[in-house]
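Trainee: Mapping of the sequence shown onto my numbering: residues 49 to 277, in sequence order.
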Amino acid sequence: MKELFADTWVQTDRGVRIFLLAGKERALVIDTGMTGLDIRAMAAAQTDLPFELLNTHADRDHIASNAQFPSFYMHPAEAAFYHNVQHGRGRILPVFDGDVIDLGARELEILHLPGHTPGSITVLDRRSRCLIGGDPIQADGDIYMFGPQRDFEAYIASLRRLARREDFDAIYPSHAAEKVSRDVIAPLIDGAGRILAGEVPGTAEERHGQRIRVCDVGVARFLCPADAI
């Protein structure tokens, strides 16, 4: 794993990031990637502290090695999709917006950002004034907004609420650019709004056997339902 900053590491697994955050008493793994890496060995190589797992959401590229953990933190709005569609294993420890996981002199606040999926979350590292993990905020990446889990109106509402906060400066997304400024939020809101208004026609493509529209709004590309543009 590569060190991002003090007590914080990252591993990229086919385009998706796995994070490890350490405090004084315990550590937290954020997501388990796409290909089934040995997450426990990776974490143990960086820290001697006991560690737990948190999933930002239940898309398959974030949960591949979840079976290595008997339980893990996840927003319960992801539970049905995780168990019934992804056939995921393990016991969900529910976390909600505003919950705090204290690693020992390092408080991590859960921020619920529905839209990409109903239970999408990111982690606010209060000590470092940054957000870590999750798919809703990216730069130069693809934000998946097609399929039954996705909702543009919820996505826009989530980002508008996030933009009002003043307790973070940087964002470490799960995909695309490794570190982005909070300034990326405003153009994402604007771009999503223009897509909803029919102002970004997009181009026809196919992903995972589905016909979609790719709507490039400059800061990122939204992958949208083919029949909704």
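Using N, Cα and C, we set each Cβ at its ideal position, and we do this for glycine too.
So A75 and A89 are supposed to be a Cβ contact under 8 Å. How far apart are they, rounded?
Mentor: Taking C-beta atoms under 8 Å as the contact rule, A75 and A89 fail to qualify, at a distance of about 14 Å.
Trainee: Determine the closest residue to L97 out of V77, R213, M193, with distance taken between C-alpha atoms.
Mentor: V77
Trainee: Check each candidate in S206, A106, L141, Y121 and name the one with the smallest Cα separation from A128.
Mentor: A106
Trainee: Please state whether DSSP places E201 in a helix, a strand or coil.
Mentor: helix
Trainee: To the nearest angstrom, how far is it from the Cα of E254 to the Cα of I260?
Mentor: 6 Å
Trainee: Between the Cα of H164 and those of V133, T80, A153, P196, spot the shortest distance and give me the residue it belongs to.
Mentor: P196
Trainee: Near Y121, what residues of its chain come up, given a Cβ to Cβ distance below 6 Å and the 5 sequence neighbours on each side ignored?
Mentor: Shown here for Y121: same chain residues with a beta carbon closer than 6 Å to its own, the five before and five after excluded, namely L102, L141, V143 in chain order.
Trainee: Name, in chain order, the residues that DSSP records as bridge partners for M122.
Mentor: P142, per the DSSP bridge assignment.
Trainee: In chain order, what are the residue ranges of uninterrupted alpha helix (DSSP H) at least 4 long that sit wholly in the segment 168–244?
Mentor: Within the segment 168–244, the complete alpha helix (DSSP H) runs of at least 4 residues are 200–211, 233–244.
Trainee: I need the straight-line Cα distance from G136 to N114, nearest angstrom please.
Mentor: 8 Å
Trainee: In or out: R47 buried (at least 16 other Cβ within 10 Å) or exposed?
Mentor: Limits of the chain in this structure are 49 at one end and 277 at the other, which puts residue 47 out of reach.
Trainee: Which of the three DSSP states is assigned to D61 in this structure?
Mentor: Annotated three-state conformation of D61 is strand, per DSSP.
Trainee: Please report the straight-line C-alpha distance between A202 and P162, rounded to a whole angstrom.
Mentor: 6 Å
Trainee: How would you label E126, buried or exposed, when you count the other beta carbons within 10 angstroms and need 16 or more for buried?
Mentor: Under this definition E126 is a buried residue.
Trainee: Tell me the start and end of each unbroken alpha helix (DSSP H) in the segment 53–103 that is at least 4 residues and wholly inside, in chain order.
Mentor: 87–92
Trainee: Tell me, which residues are paired with R108 by DSSP?
Mentor: BP columns for R108 are empty, so no partner.
Trainee: Just to confirm before moving on: does the CB-CB distance between I180 and F53 stay below 8 Å?
Mentor: Judged by beta-carbon spacing, F53 lies beyond the 8 Å limit of I180, meaning their Cβ atoms are not closer than that value.
Trainee: Do F270 and G239 have their C-beta atoms within less than 8 Å of each other?
Mentor: yes
Trainee: With C-beta atoms as the reference, is D215 less than 8 Å away from R175?
Mentor: no
Trainee: According to the Cβ coordinates, are G167 and P221 closer than 8 Å?
Mentor: no
Trainee: For R108, does the count of other Cβ atoms within 10 angstroms reach 16, so buried, or fall short, so exposed?
Mentor: exposed
Trainee: Please classify D217 as buried or exposed, where buried requires at least 16 other C-beta atoms within 10 Å of its C-beta.
Mentor: With fewer than 16 neighbouring CB atoms inside 10 Å of its own CB, D217 falls in the exposed class.
Trainee: When the Cα of D183 is compared with those of L244, P249, R62, A224, which residue comes out closest?
Mentor: A224
Trainee: Mind checking R198: buried by the 16 CB within 10 Å criterion, or exposed?
Mentor: It is buried - the Cβ of R198 has at least 16 other Cβ atoms within 10 Å.
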